[in-house]
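To keep things clear, I will list the structure first and then write my remarks on it.
In this note's numbering, the protein residues as written are 5 to 360.
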(Lines of atoms letter the chains of each structure in order from A and count residues from 1; the text may use other names and numbers.)
(Lines give C-alpha, C1' and ligand atoms only; values in the text may rest on other atoms or scores of the structure.)
Protein backbone atom coordinates (compact mmCIF):
# COMPACT_ATOMS: atom_id res chain seq x y z
CA UNK A 1 0.00 0.00 0.00
CA UNK A 2 1.19 3.50 -0.86
CA UNK A 3 0.26 6.93 0.49
CA UNK A 4 0.36 10.23 -1.31
CA UNK A 5 0.67 13.75 0.08
CA UNK A 6 2.20 15.52 -2.95
CA UNK A 7 -1.20 16.80 -3.95
CA UNK A 8 -4.48 15.68 -2.41
CA UNK A 9 -4.09 13.07 0.33
CA UNK A 10 -4.42 9.71 -1.42
CA UNK A 11 -4.02 5.98 -0.80
CA UNK A 12 -3.28 3.27 -3.37
CA UNK A 13 -3.01 -0.49 -3.13
CA UNK A 14 0.20 -2.25 -4.12
CA UNK A 15 -1.32 -2.66 -7.60
CA UNK A 16 -1.94 1.07 -7.91
CA UNK A 17 -5.71 0.95 -7.33
CA UNK A 18 -6.99 4.08 -5.51
CA UNK A 19 -8.46 3.47 -2.06
CA UNK A 20 -11.61 5.38 -1.15
CA UNK A 21 -11.55 7.18 2.20
CA UNK A 22 -14.78 9.10 1.92
CA UNK A 23 -15.50 10.73 5.30
CA UNK A 24 -13.86 14.13 5.80
CA UNK A 25 -12.88 13.58 9.44
CA UNK A 26 -11.36 10.20 8.60
CA UNK A 27 -9.34 11.81 5.80
CA UNK A 28 -8.25 14.52 8.26
CA UNK A 29 -7.08 11.79 10.65
CA UNK A 30 -5.10 10.13 7.88
CA UNK A 31 -3.53 13.46 6.87
CA UNK A 32 -2.60 14.25 10.48
CA UNK A 33 -0.85 10.89 10.84
CA UNK A 34 0.96 11.29 7.49
CA UNK A 35 2.13 14.79 8.41
CA UNK A 36 4.00 13.35 11.40
CA UNK A 37 5.98 10.93 9.19
CA UNK A 38 5.48 7.81 11.28
CA UNK A 39 5.87 9.51 14.65
CA UNK A 40 3.21 8.84 17.29
CA UNK A 41 0.53 11.49 17.71
CA UNK A 42 -1.18 11.88 21.06
CA UNK A 43 -4.94 11.53 21.49
CA UNK A 44 -5.25 15.14 22.68
CA UNK A 45 -3.42 16.47 19.66
CA UNK A 46 -5.52 14.41 17.24
CA UNK A 47 -8.72 15.64 18.86
CA UNK A 48 -7.53 19.21 18.46
CA UNK A 49 -6.54 18.55 14.83
CA UNK A 50 -9.94 17.12 13.94
CA UNK A 51 -12.33 19.36 15.90
CA UNK A 52 -10.33 22.36 17.09
CA UNK A 53 -12.31 24.57 19.45
CA UNK A 54 -15.56 22.66 18.90
CA UNK A 55 -14.95 19.07 20.13
CA UNK A 56 -17.79 16.57 20.48
CA UNK A 57 -19.31 15.66 23.83
CA UNK A 58 -17.06 12.60 24.19
CA UNK A 59 -13.99 13.43 22.08
CA UNK A 60 -11.97 10.31 22.97
CA UNK A 61 -14.76 7.98 21.88
CA UNK A 62 -15.34 10.05 18.75
CA UNK A 63 -11.64 9.76 17.84
CA UNK A 64 -11.68 5.99 18.41
CA UNK A 65 -14.60 5.76 16.00
CA UNK A 66 -12.69 7.64 13.30
CA UNK A 67 -9.64 5.43 13.81
CA UNK A 68 -11.83 2.33 13.46
CA UNK A 69 -13.31 3.63 10.19
CA UNK A 70 -9.85 4.40 8.78
CA UNK A 71 -8.63 0.91 9.63
CA UNK A 72 -11.70 -0.59 8.03
CA UNK A 73 -11.15 1.34 4.79
CA UNK A 74 -7.53 0.23 4.58
CA UNK A 75 -8.36 -3.40 5.36
CA UNK A 76 -11.04 -3.49 2.68
CA UNK A 77 -8.54 -2.24 0.12
CA UNK A 78 -5.76 -4.66 1.04
CA UNK A 79 -5.46 -7.47 3.59
CA UNK A 80 -3.51 -6.34 6.63
CA UNK A 81 -4.04 -2.68 5.79
CA UNK A 82 -5.69 -2.07 9.16
CA UNK A 83 -2.40 -2.92 10.91
CA UNK A 84 -0.84 0.22 9.42
CA UNK A 85 -2.75 2.38 11.93
CA UNK A 86 -1.18 1.24 15.18
CA UNK A 87 -2.08 2.14 18.74
CA UNK A 88 1.03 3.67 20.24
CA UNK A 89 0.79 5.30 23.67
CA UNK A 90 -0.09 8.04 24.14
CA UNK A 91 -1.97 7.90 20.83
CA UNK A 92 -1.64 6.47 17.32
CA UNK A 93 0.86 6.35 14.49
CA UNK A 94 0.96 5.27 10.85
CA UNK A 95 3.46 2.43 10.48
CA UNK A 96 4.17 2.84 6.76
CA UNK A 97 7.43 1.30 5.62
CA UNK A 98 10.20 3.44 4.08
CA UNK A 99 9.32 4.34 0.52
CA UNK A 100 5.56 3.83 0.98
CA UNK A 101 4.82 7.55 0.67
CA UNK A 102 5.40 9.65 -2.43
CA UNK A 103 7.16 12.27 -0.29
CA UNK A 104 9.82 9.75 0.71
CA UNK A 105 10.27 8.63 -2.90
CA UNK A 106 10.65 12.26 -3.93
CA UNK A 107 13.30 12.86 -1.25
CA UNK A 108 15.23 9.75 -2.29
CA UNK A 109 15.30 10.73 -5.98
CA UNK A 110 16.44 14.28 -5.27
CA UNK A 111 19.15 12.99 -2.94
CA UNK A 112 20.47 10.66 -5.64
CA UNK A 113 20.37 13.51 -8.16
CA UNK A 114 22.54 15.70 -5.92
CA UNK A 115 25.20 12.99 -5.90
CA UNK A 116 25.16 12.56 -9.71
CA UNK A 117 27.80 14.42 -11.69
CA UNK A 118 26.36 13.83 -15.15
CA UNK A 119 24.01 16.71 -15.98
CA UNK A 120 21.74 14.67 -18.24
CA UNK A 121 21.25 11.90 -15.66
CA UNK A 122 20.75 14.49 -12.92
CA UNK A 123 18.08 16.31 -14.93
CA UNK A 124 16.30 13.01 -15.66
CA UNK A 125 16.22 12.01 -11.98
CA UNK A 126 14.87 15.40 -10.96
CA UNK A 127 12.22 15.25 -13.68
CA UNK A 128 11.13 11.84 -12.35
CA UNK A 129 10.97 13.25 -8.81
CA UNK A 130 8.97 16.31 -9.84
CA UNK A 131 6.54 14.15 -11.81
CA UNK A 132 5.34 12.70 -8.49
CA UNK A 133 3.67 16.00 -7.67
CA UNK A 134 -0.08 16.10 -8.39
CA UNK A 135 -0.66 19.54 -6.89
CA UNK A 136 0.16 21.47 -3.69
CA UNK A 137 1.27 19.23 -0.83
CA UNK A 138 -1.59 18.21 1.48
CA UNK A 139 -3.77 20.20 -0.91
CA UNK A 140 -7.10 20.12 0.93
CA UNK A 141 -5.45 20.36 4.36
CA UNK A 142 -2.57 22.77 3.61
CA UNK A 143 -4.18 25.53 5.72
CA UNK A 144 -4.82 23.29 8.71
CA UNK A 145 -2.46 23.70 11.65
CA UNK A 146 -1.43 20.04 11.67
CA UNK A 147 -0.35 20.06 8.00
CA UNK A 148 0.85 23.62 7.39
CA UNK A 149 4.49 23.16 8.37
CA UNK A 150 4.78 19.84 6.51
CA UNK A 151 3.23 21.36 3.38
CA UNK A 152 5.60 24.33 3.51
CA UNK A 153 8.62 22.06 3.98
CA UNK A 154 7.65 19.92 0.99
CA UNK A 155 6.98 22.98 -1.17
CA UNK A 156 10.45 24.29 -0.36
CA UNK A 157 11.91 20.94 -1.39
CA UNK A 158 9.96 21.09 -4.66
CA UNK A 159 11.29 24.56 -5.49
CA UNK A 160 14.83 23.50 -4.65
CA UNK A 161 14.45 20.52 -7.00
CA UNK A 162 13.12 22.81 -9.74
CA UNK A 163 16.14 25.07 -9.36
CA UNK A 164 18.54 22.12 -9.45
CA UNK A 165 16.82 20.76 -12.55
CA UNK A 166 17.06 24.16 -14.25
CA UNK A 167 20.79 24.32 -13.50
CA UNK A 168 21.29 20.84 -14.95
CA UNK A 169 19.38 21.79 -18.09
CA UNK A 170 21.43 24.97 -18.36
CA UNK A 171 24.55 22.79 -18.40
CA UNK A 172 22.94 20.96 -21.34
CA UNK A 173 22.46 24.30 -23.19
CA UNK A 174 18.66 24.18 -22.98
CA UNK A 175 18.55 27.89 -22.24
CA UNK A 176 15.99 28.61 -24.96
CA UNK A 177 13.30 26.42 -23.38
CA UNK A 178 14.32 27.40 -19.86
CA UNK A 179 13.79 31.13 -20.28
CA UNK A 180 10.02 30.87 -20.62
CA UNK A 181 9.63 28.30 -17.85
CA UNK A 182 11.79 30.30 -15.45
CA UNK A 183 9.86 33.49 -16.17
CA UNK A 184 6.67 31.84 -14.90
CA UNK A 185 8.44 30.55 -11.79
CA UNK A 186 10.01 33.93 -11.06
CA UNK A 187 6.59 35.59 -11.25
CA UNK A 188 5.28 33.09 -8.69
CA UNK A 189 8.36 33.36 -6.43
CA UNK A 190 9.90 36.78 -7.09
CA UNK A 191 12.20 36.82 -4.04
CA UNK A 192 14.01 33.50 -4.63
CA UNK A 193 17.54 34.64 -5.43
CA UNK A 194 18.82 31.32 -6.74
CA UNK A 195 15.93 31.17 -9.20
CA UNK A 196 16.72 34.70 -10.38
CA UNK A 197 20.39 33.83 -10.75
CA UNK A 198 19.60 30.85 -12.98
CA UNK A 199 17.16 32.94 -15.00
CA UNK A 200 19.78 35.66 -15.56
CA UNK A 201 22.37 33.12 -16.66
CA UNK A 202 19.89 31.60 -19.11
CA UNK A 203 19.04 35.04 -20.49
CA UNK A 204 22.71 35.91 -20.96
CA UNK A 205 23.36 32.65 -22.78
CA UNK A 206 20.41 33.35 -25.07
CA UNK A 207 21.89 36.74 -25.94
CA UNK A 208 19.35 38.76 -23.95
CA UNK A 209 21.52 40.69 -21.46
CA UNK A 210 19.14 43.63 -21.14
CA UNK A 211 16.39 41.33 -19.83
CA UNK A 212 18.85 39.76 -17.38
CA UNK A 213 19.76 43.18 -16.01
CA UNK A 214 16.08 44.14 -15.80
CA UNK A 215 15.37 40.98 -13.79
CA UNK A 216 18.23 41.83 -11.42
CA UNK A 217 16.97 45.39 -10.99
CA UNK A 218 13.49 44.07 -10.21
CA UNK A 219 14.87 41.65 -7.61
CA UNK A 220 16.98 44.33 -5.98
CA UNK A 221 14.00 46.67 -5.74
CA UNK A 222 11.68 44.05 -4.30
CA UNK A 223 14.23 42.85 -1.74
CA UNK A 224 14.87 46.40 -0.59
CA UNK A 225 11.18 47.26 -0.39
CA UNK A 226 9.84 44.10 1.23
CA UNK A 227 12.78 42.85 3.32
CA UNK A 228 15.22 45.75 3.52
CA UNK A 229 17.98 43.57 2.04
CA UNK A 230 20.40 43.65 -0.87
CA UNK A 231 20.90 40.75 -3.31
CA UNK A 232 23.53 38.24 -2.21
CA UNK A 233 26.98 38.18 -3.86
CA UNK A 234 26.04 35.06 -5.81
CA UNK A 235 23.28 37.00 -7.55
CA UNK A 236 25.67 39.85 -8.40
CA UNK A 237 27.83 37.68 -10.65
CA UNK A 238 25.35 37.01 -13.47
CA UNK A 239 24.09 40.58 -13.18
CA UNK A 240 27.62 41.79 -13.95
CA UNK A 241 27.96 39.44 -16.88
CA UNK A 242 30.14 36.91 -15.05
CA UNK A 243 31.79 34.48 -17.50
CA UNK A 244 29.65 31.62 -16.17
CA UNK A 245 26.57 33.50 -17.27
CA UNK A 246 27.55 33.65 -20.91
CA UNK A 247 28.51 36.55 -23.21
CA UNK A 248 29.07 39.74 -21.28
CA UNK A 249 27.95 43.10 -22.70
CA UNK A 250 30.81 45.52 -23.25
CA UNK A 251 30.38 48.57 -20.94
CA UNK A 252 29.33 51.55 -22.97
CA UNK A 253 28.77 49.49 -26.10
CA UNK A 254 25.53 49.06 -28.04
CA UNK A 255 22.94 46.54 -26.89
CA UNK A 256 23.83 43.00 -27.80
CA UNK A 257 27.55 43.74 -28.10
CA UNK A 258 29.64 41.22 -26.22
CA UNK A 259 33.12 41.51 -24.77
CA UNK A 260 34.53 38.88 -27.09
CA UNK A 261 33.48 41.07 -30.06
CA UNK A 262 35.48 44.03 -28.84
CA UNK A 263 38.78 44.98 -30.40
CA UNK A 264 40.34 45.28 -26.97
CA UNK A 265 42.99 42.57 -26.62
CA UNK A 266 42.38 39.98 -23.96
CA UNK A 267 44.88 39.25 -21.24
CA UNK A 268 47.20 36.47 -22.36
CA UNK A 269 47.20 33.33 -20.18
CA UNK A 270 50.36 32.74 -18.25
CA UNK A 271 51.31 36.40 -17.98
CA UNK A 272 50.77 38.24 -14.70
CA UNK A 273 48.66 41.35 -15.04
CA UNK A 274 50.59 44.57 -14.51
CA UNK A 275 50.40 45.76 -10.95
CA UNK A 276 48.91 42.50 -9.65
CA UNK A 277 50.06 40.98 -6.36
CA UNK A 278 51.75 38.19 -8.25
CA UNK A 279 54.21 40.69 -9.74
CA UNK A 280 57.34 40.35 -7.57
CA UNK A 281 58.86 43.45 -9.21
CA UNK A 282 57.47 46.93 -9.97
CA UNK A 283 55.37 46.84 -13.12
CA UNK A 284 56.00 50.23 -14.69
CA UNK A 285 58.62 52.77 -15.73
CA UNK A 286 60.52 54.85 -13.27
CA UNK A 287 59.22 58.39 -13.18
CA UNK A 288 62.56 60.14 -13.46
CA UNK A 289 64.51 58.52 -16.26
CA UNK A 290 67.55 56.24 -16.03
CA UNK A 291 68.15 56.83 -12.35
CA UNK A 292 64.96 54.88 -11.68
CA UNK A 293 65.75 52.17 -14.15
CA UNK A 294 65.94 48.84 -12.30
CA UNK A 295 69.08 46.77 -12.66
CA UNK A 296 69.50 43.24 -11.36
CA UNK A 297 72.92 41.91 -10.50
CA UNK A 298 74.54 44.77 -12.44
CA UNK A 299 72.85 43.59 -15.63
CA UNK A 300 70.10 45.16 -17.68
CA UNK A 301 67.94 42.60 -19.49
CA UNK A 302 67.53 44.94 -22.45
CA UNK A 303 71.28 44.65 -23.21
CA UNK A 304 70.83 40.97 -23.99
CA UNK A 305 67.73 41.13 -26.19
CA UNK A 306 69.82 40.11 -29.18
CA UNK A 307 70.40 36.67 -27.60
CA UNK A 308 66.71 35.67 -27.70
CA UNK A 309 63.80 37.41 -29.49
CA UNK A 310 61.68 38.01 -26.39
CA UNK A 311 64.62 38.68 -24.07
CA UNK A 312 63.28 36.21 -21.50
CA UNK A 313 66.41 34.13 -21.11
CA UNK A 314 68.74 36.94 -19.98
CA UNK A 315 65.97 38.29 -17.78
CA UNK A 316 65.70 34.94 -15.99
CA UNK A 317 69.45 34.86 -15.57
CA UNK A 318 69.57 38.35 -14.08
CA UNK A 319 66.61 37.81 -11.78
CA UNK A 320 67.98 34.50 -10.51
CA UNK A 321 71.35 36.04 -9.86
CA UNK A 322 69.76 38.87 -7.88
CA UNK A 323 67.74 36.39 -5.83
CA UNK A 324 70.82 34.27 -5.12
CA UNK A 325 69.40 31.23 -6.93
CA UNK A 326 71.59 28.52 -8.36
CA UNK A 327 70.32 27.52 -11.78
CA UNK A 328 73.00 25.34 -13.44
CA UNK A 329 70.59 23.87 -15.97
CA UNK A 330 68.84 27.23 -16.58
CA UNK A 331 65.44 25.65 -15.90
CA UNK A 332 62.91 27.87 -14.20
CA UNK A 333 60.61 26.35 -11.54
CA UNK A 334 57.21 25.66 -13.04
CA UNK A 335 55.18 27.64 -10.53
CA UNK A 336 57.49 30.62 -10.41
CA UNK A 337 56.79 33.65 -12.53
CA UNK A 338 58.84 36.85 -12.73
CA UNK A 339 58.39 40.02 -14.68
CA UNK A 340 61.11 41.47 -16.88
CA UNK A 341 60.96 45.20 -17.31
CA UNK A 342 63.13 47.14 -19.64
CA UNK A 343 62.86 50.77 -20.45
CA UNK A 344 65.32 50.65 -23.29
CA UNK A 345 63.65 47.71 -25.04
CA UNK A 346 60.16 49.04 -24.46
CA UNK A 347 58.89 45.81 -22.87
CA UNK A 348 56.26 45.95 -20.13
CA UNK A 349 55.10 43.08 -17.94
CA UNK A 350 56.73 40.30 -19.95
CA UNK A 351 55.80 36.92 -18.46
CA UNK A 352 58.70 34.60 -17.85
CA UNK A 353 58.01 30.91 -18.24
CA UNK A 354 59.89 27.72 -17.72
CA UNK A 355 61.79 26.95 -20.95
CA UNK A 356 60.84 23.75 -22.79
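C-beta atoms are modelled at their ideal positions from N, C-alpha and C, and glycine is treated no differently.
Please list the terminal residues of the continuous beta strand (DSSP E) segment that includes residue 8. 6 to 8
Check residue 98 in the structure and name its three-state DSSP category. strand
Mind checking which residues open and close the alpha helix (DSSP H) that includes residue 1? Only positions 5 to 360 of the chain appear in the structure, and residue 1 is not among them; the question remains open.
Assuming residue 85 contacts residue 5 (C-beta within less than 8 angstroms), just tell me the rounded distance between them. 6 angstroms
What number of angstroms, rounded off, separates the C-alpha of residue 160 from the C-alpha of residue 131? 16 angstroms
How close, in whole Å, do the beta carbons of residue 38 and residue 9 come, if the pair is a contact with beta carbons under 8 angstroms? 5 angstroms
Any idea if residue 30 is buried or exposed, counting beta-carbon neighbours within 10 angstroms, 16 or more meaning buried? buried
If we require 4 or more residues per run, which alpha helix (DSSP H) segments fall completely within the stretch 34 to 117? 47 to 55 and 63 to 81
Outcome for residue 60 when other beta-carbon atoms lying within 10 angstroms are tallied against a minimum of 16: exposed
Taking Cβ positions, are residue 96 and residue 50 nearer each other than 8 angstroms? yes
Taking the C-alpha atoms as reference points, what is the distance between residue 87 and residue 109? 22 angstroms
Among residues of its own chain, excluding the 5 on either side of residue 286, which ones have a beta-carbon nearer than 6 angstroms to its beta-carbon? A caution first: residue 286 carries a pLDDT of 45, below 50, which makes its placement in the model unreliable, though a value can still be read off. Cβ neighbours of residue 286 beyond the five flanking positions: none.
May I have the straight-line CA-CA distance separating residue 75 from residue 126, to the nearest angstrom? 39 angstroms
Go to residue 235, then tell me how far its alpha helix (DSSP H) extends in each direction, as first and last residue. Run containing residue 235: none; DSSP gives neither H nor E here.
Could you tell me the distance, in whole angstroms, from the CA atom of residue 196 to the CA atom of residue 183? 16 angstroms
Look up residue 167 in the DSSP assignment and say whether it is helix, strand or coil. helix
Residue burial classification, residue 106 (beta-carbon count within 10 angstroms, cutoff 16): buried
Between the stretch 188 to 203 and the stretch 151 to 159, do three or more beta carbon pairs fall short of 8 angstroms? no
Would you check if the stretch 38 to 48 and the stretch 109 to 118 touch, i.e. whether three or more CB-CB distances between them fall below 8 angstroms? no
Residue span of the alpha helix (DSSP H) that contains residue 135, given as start and end: Here residue 135 belongs to no alpha helix (DSSP H), and DSSP marks it neither H nor E.
Select from 66, 177, 165 and 200 the residue whose C-alpha is nearest the C-alpha of residue 137. 165
Below 8 angstroms between beta carbons: does that hold for residue 129 and residue 143? no
Here's a check: name, in chain order, each residue in its chain whose Cβ is nearer than 8 angstroms to the Cβ of residue 124, leaving out the five neighbours to either side. 172 and 176
For the alpha helix (DSSP H) that contains residue 192, what are its first and last residues? 179 to 192
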